[in-house]
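Q: Chains as they are written, first to last, in my numbering: chain A, 1 to 495; chain P, 1001 to 1495; chain B, 2001 to 2167; chain G, 3001 to 3167. Glycine is no exception: its CB is placed at the ideal position from the N, C-alpha and C atoms. Below is one structure. I have some questions about it.
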């Protein structure tokens, strides 16, 4: 096992990796940019190396700086987290050349699967069903329009690189194609440094169901059951759970097999996720393989009792998987809610700023993978994820109740969060009934406004807080000026 | 199911019960004394009823006030937690008479099992092996001495009522008998309102292993595996775990059967714990039944995935157990450390006072059942337990590592705690090897002193904190004067 | 004491009288509230309102307080205090006439130059916050008289990114 | 700057010089420390000491600070400041001659009365804290001149529970 690893990431996922390293006695090196001098991953690691300005391209995406930091500190391996360089084959090659172990699949596997075109071809070749659409990338809008007409609208423009909901646009008619293509391409270029796009069929009503896979260097490949990730806003998951509602043992068996086949066909090593769309008739289509630890991996850990980061390190250090498929048994039900700095009342618009106060929910069956703290200034430069709240209970019904309870005790002041929104989603009939599809939020919550049933109490609390107010004083460390609330100064804008 | 229950307790266990009630949608009523006006259970409950002065006899032990509070608030049932009235048959009778459900066994079962003499007779009658000793209570020191000589020294003086390490004395020779009897009796009188004592054989080197049992009103009785609770100071458990080290499937089967037999023989209903001593040849002896939720119940919950408080409420409301013995499967390993306000450098002497700062450890597999918060004044009037830190991991080795990590991040300033002591115990070879017996702490840690390897860093931090010091100011709510550190003003005393 | 407190667009009068130590009576419209309160920490209060315990978390913000109750956050403002500072802000609130970002952001591109004629709704600056792009558009037909930012600049709400002279 | 800092009974000199913003150099005996620091909250600091990150938590106490590092708490005192207040406390520290509880406690019983002759070590007051009983004993042979407490009283360290005149 490694003695020391570098974590080429920030926020909650850097913390998550550090956490397991501490359990394993592995030393940790954090890297940080100007915006992150007081970030939580810097506080938590054994060492921290400054790698440059806040702009991702000059710090967290700067491959040479990161590899140099690993070499200087004697870190034997790099854990990329998700996002940033996690699925960057060039980075993995650089690591390979410099003798630093990359904790993830080999560069060629990342390249093949990261290119959605190649991955679709691999899957087609090994008998895994894929979504109808292009099998080549395309820059010419006219050709895109022609292809879209073959597949039939609506279609989805997707970046061939990356993930995380970036570089995606739904197109419902040829007139929208040009702008959608250029927006998706630009977003992809910014997010992944690669603006190539293609198209595939868009399913209006489908479930997003993915399988966690693990493969060691000896060819042992297993899956760790499914995750249901249909509830998404702006094409980005916001609630994930396992088991999936409506999943039958037969379908699980079939999809799990397909996931393992997909992993084997691509020569997969380490932890990965095979994503599928499942239509209303339980037909499933390969979407992509995420060649990294997934944001929503904790729900799998909660029901299987497995520590996926530990297994990532074990596999990367050349150890054999000590569990096989029959050891993977789900117990109970787990749900994750992503807590972003964003405003659900305003189309989930980002809400950076200072966390004035944070109180994390705690209790049996509650886990909060959190990357911020009271007083931390959430930078404008990075993804808006603050934390992930995960609950585990014996049944789905109880898990929902526990999640609602936990959310009601999750106090985050200073930035906007979707906490109240999530409570309403979890309370809604369609969610409770398991009627979740990728269009869930547009269908049921597009005009969501918070219920203000406790507004009277809030007014009373305002008065009482004023009466107790002398307890609050300016503190020396609160030197940062409070940012104005965005919506007070709302200019003329559109997304 | 009940719509509303009253919790006749305080501290972490009241919070624990409230937590499950929130999951279940059951309303909660707290009760509190003068010392607890700002206690965490008061903050957490839906309603709170003031029941009197700080002295337990005038508040938390005052049966009529508590039952009146339940009736006034419309609470249909009372959860007693542990300690206070949890094993008081008279209280249960009063509840029964007043039409308030007591969440626990019927009064006659509590009376039979709470009287250790009667319970020993019941077990002898049903074939469960018991420790050698008296089968009647005794107030006469001379008779005690005679009986002790029959059994052979060392013997244990025990209160026939109660538990929690109160009213217990080891006696190694007849000369110590008189003082031990009167001290044990007085302590028992204060703690349980009953000063009766008896004696039984004291095993110098034995394991304390207990089985969780559950029984519904329909006669379904199951056990939920064992807990190893050998690591004790002042006859009170401080580290508990499950599975027990050295437990074989055969012994587990035999002891589990004995536990179920013990429960059935006594007509047991609800959650209870059958305690055994296990000697070095794996002979086991019935010690007692704790007719309540046990402090250390969380380790059982962690490995079985069961919520014991939920099941207590289900059983008390007349529902049938929906799980049977074959559903009880342990997964992984769980350890609990009790965090008391006490000074491990000074014979675990109590350390009441204000919690100046509290930071609870968090992370996957970490649970902290906590009853205090930053700024809370820990009263002198009640048990010193502040919280229970519980970890769950795939193996014992990993659970130990996780617990050490969690303890290293468990910041409690203002009162003394055993955190540093616990880290040393968990790191020690005998603990790591599972060589745990009830004399573990006397044997290995009687002269424990904290290692001060970071003293240089502490000195440097002192200087730097002074340099940053202007950030700290007197706040309005910190009106309570800080208590002097006990050991600065140490008078002439002996325990 | 009477307060006029604003949440979202609604201003309601709140009548408050003290009723012993740590106790008040409040009236909002027809509803009456018997409240006792305890300050638990700088940001936390425990209220008992008509017998029910409620935990409230508070943070001071510019011109108001963020108040968290039971999973929901309310931005509460004192309407009387607000009116004193109203004139200064009125123009901005009523009808946006300036190109300013809705939140702290980074400029991605400026597709117009000084001297350009723009039409209402035309993209003039593209900014990004937390990886999400926002296109700021011309609020009316006009001529770009000055571009105040360049690619990579960090900008704040209130910053005028592009000056446009109305046609 | 030189400090003399006490932990338990050990007083060590600590030499400190600033080395740029948020940085100091310190020497304790032979050991040298390059330290950079960040105040994270009122009670938390993050230090980097010779390249290693360390989280430190601090609370002010009477005459010192409680400092938590890596699972261990240190009570650190400034020895120079202590010496200034030493005379007042000296008598008590050196040789206990008073019957006072070691921690806040409740009186359980007082087995002596005014006028009683007591011998050194004899139980004079029994107090209880957090359910644990402590017997306070006579510090020398003497006569009880006054009993200052009764059963049920709350008592604090420093309170003289029983006056005893030395024989």
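Counting only beta-carbon separations shorter than 9 Å, does residue 1462 of chain P have a partner in chain G?
A: Answer yes: the Cβ-Cβ gap between residue 1462 of chain P and chain G drops below 9 Å somewhere.
Q: Under the rule that 16 or more other beta-carbon atoms within 10 Å means buried, what is residue 402 of chain A, buried or exposed?
A: The residue is buried, with at least 16 neighbouring Cβ atoms inside 10 Å.
Q: Please list, in chain order, the chain G residues whose beta carbon lies closer than 7 Å to that of residue 38 of chain A.
A: The contacting residues are 3038, 3040.
Q: Below 9 Å on C-beta distance, what does residue 1577 of chain P contact in chain G?
A: The structure shown has nothing for residue 1577 of chain P, since chain P only spans 1001 to 1495.
Q: Got a sec? Which residues, its chain only, sit under 7 Å from residue 1311 of chain P by beta carbon, not counting five neighbours each side?
A: Hits under 7 Å: 1214, 1271.
Q: With respect to the alpha helix (DSSP H) encompassing residue 468 of chain A, which residues constitute its N-terminal and C-terminal limits?
A: Per DSSP, residue 468 of chain A belongs to no alpha helix (DSSP H) and is neither H nor E.
Q: From this set, P/1011, P/1329, P/1404, P/1385, which residue's C-alpha is nearest residue 19 of chain A's C-alpha?
A: Considering only alpha carbons, the answer is P/1404.
Q: Given a cut-off of 9 Å, decide if residue 375 of chain A and residue 14 of chain A are closer than it, judged by their beta-carbon atoms.
A: Not in contact: residue 14 of chain A and residue 375 of chain A (Cβ atoms no closer than 9 Å).
Q: Report yes if the C-beta distance between residue 2124 of chain B and residue 2144 of chain B is below 9 Å; otherwise report no.
A: In contact: residue 2124 of chain B and residue 2144 of chain B (Cβ atoms closer than 9 Å).
Q: Excluding the 5 residues preceding and the 5 following residue 152 of chain A in the sequence, name in chain order all residues of the same chain whose CB lies nearer than 8 Å to its CB.
A: Here the set comprises 201.
Q: Using a beta-carbon distance below 9 Å, is residue 1331 of chain P in contact with chain C?
A: Structure shown: chain C not included; protein chains present are A, P, B and G.
Q: Taking residue 440 of chain A as the reference, give the member of A/121, A/233, A/42 with the closest Cα.
A: Nearest of A/121, A/233, A/42 to residue 440 of chain A, Cα basis: A/233.
Q: How many whole angstroms separate the CB atoms of residue 1263 of chain P and residue 1278 of chain P, which I take to be in contact at a CB cut-off of 8 Å?
A: Contact flag wrong, Cβ pair sits at about 19 Å.
Q: For residue 2016 of chain B, is the classification buried or exposed, using 16 other Cβ atoms within 10 angstroms of its Cβ as the cut-off for buried?
A: When all chains shown are included, residue 2016 of chain B counts as buried.
Q: Going by DSSP, name the residue or residues bridged to residue 3010 of chain G.
A: Partner(s): G/3007.
Q: Cβ of residue 2067 of chain B less than 9 Å from any chain A Cβ?
A: Answer yes: the Cβ-Cβ gap between residue 2067 of chain B and chain A drops below 9 Å somewhere.
Q: May I ask which residues mark the beginning and end of the alpha helix (DSSP H) holding residue 1091 of chain P?
A: From DSSP, the alpha helix (DSSP H) with residue 1091 of chain P extends over 1089-1098.
Q: Residues of the segment 361-372 of chain A with a CB closer than 7 Å to any CB of chain P: list them in chain order, please.
A: The segment 361-372 of chain A vs chain P, Cβ under 7 Å: 362, 363, 364, 367, 368.
Q: Work out the CA separation of residue 1280 of chain P and residue 1288 of chain P for me, nearest whole Å.
A: C-alpha separation (whole angstroms): 20 Å.
Q: Just to confirm before moving on: does the CB-CB distance between residue 48 of chain A and residue 3053 of chain G stay below 9 Å?
A: Result yes, Cβ atoms of residue 48 of chain A and residue 3053 of chain G sit closer than 9 Å.
Q: Are residue 3007 of chain G and residue 3077 of chain G touching if we call contact CB-CB under 9 Å?
A: Against a cut-off of 9 Å, the Cβ pair of residue 3077 of chain G and residue 3007 of chain G comes out as a contact.
Q: Taking the alpha-carbon positions, what's the residue 1432 of chain P to residue 1446 of chain P distance?
A: Going from the Cα of residue 1432 of chain P to the Cα of residue 1446 of chain P covers about 18 Å.
Q: For the segment 1163-1180 of chain P, which residues have a CB atom closer than 8 Å to at least one CB atom of chain A, in sequence order?
A: So nothing in the stretch comes that close.
Q: Buried or exposed: which applies to residue 3167 of chain G, given that a residue is buried once 16 or more other Cβ atoms fall within 10 Å of its Cβ?
A: The residue in question, residue 3167 of chain G, is exposed, as its Cβ has fewer than 16 Cβ neighbours within 10 Å.
Q: Could you spell out where the beta strand (DSSP E) holding residue 984 of chain P opens and where it closes?
A: Given a span of 1001 to 1495 for chain P in the structure shown, any question on residue 984 of chain P remains unanswerable.
Q: Against residue 2054 of chain B, what residues of chain A qualify as contacts under a CB-to-CB distance less than 9 Å, listed in chain order?
A: The contacting residues are 454, 457, 461.
Q: Sorted by chain position, which residues of the same chain lie with C-beta nearer than 7 Å to residue 454 of chain A's C-beta, five sequence neighbours on each side aside?
A: Answer for residue 454 of chain A: no residue qualifies.
Q: Hey, is residue 336 of chain A's beta-carbon within less than 9 Å of any beta-carbon in chain P?
A: Residue 336 of chain A does not count as touching chain P.
Q: Give the straight-line distance between the Cα atoms of residue 3091 of chain G and residue 3113 of chain G, rounded to the nearest whole angstrom.
A: The predicted position of residue 3091 of chain G is uncertain, since its pLDDT is 43 and thus under 50; no value can be drawn from it.
Q: Step through the CB atoms of chain P and report whether any lies within less than 9 Å of the CB of residue 2035 of chain B.
A: Taking Cβ atoms only, chain P never reaches closer than 9 Å to residue 2035 of chain B, which makes this a no.
Q: Along chain P, which residues have their Cβ under 7 Å away from the Cβ of residue 2051 of chain B?
A: Under the 7 Å cutoff, chain P gives 1047.
Q: I'd like to know if residue 1063 of chain P contacts chain G, where contact means its C-beta is closer than 9 Å to some C-beta of that chain.
A: Not one chain G Cβ lies under 9 Å of residue 1063 of chain P.
Q: Would you report the Cα separation of residue 505 of chain A and residue 1255 of chain P, rounded to the nearest angstrom?
A: As displayed, chain A neither begins before 1 nor continues past 495, which places residue 505 of chain A out of reach and without an answer.
Q: Could you check which residue in A/96, A/174, A/158, A/240 has the C-alpha nearest to that of residue 388 of chain A?
A: The shortest C-alpha separation from residue 388 of chain A is found at A/240.
Q: Going by DSSP, what residue range makes up the alpha helix (DSSP H) through residue 13 of chain A?
A: Unbroken alpha helix (DSSP H) run through residue 13 of chain A: 11-24.
Q: In whole angstroms, what separates the C-alpha of residue 3002 of chain G from that of residue 58 of chain A?
A: Going by the C-alpha atoms only, they are around 42 Å apart.
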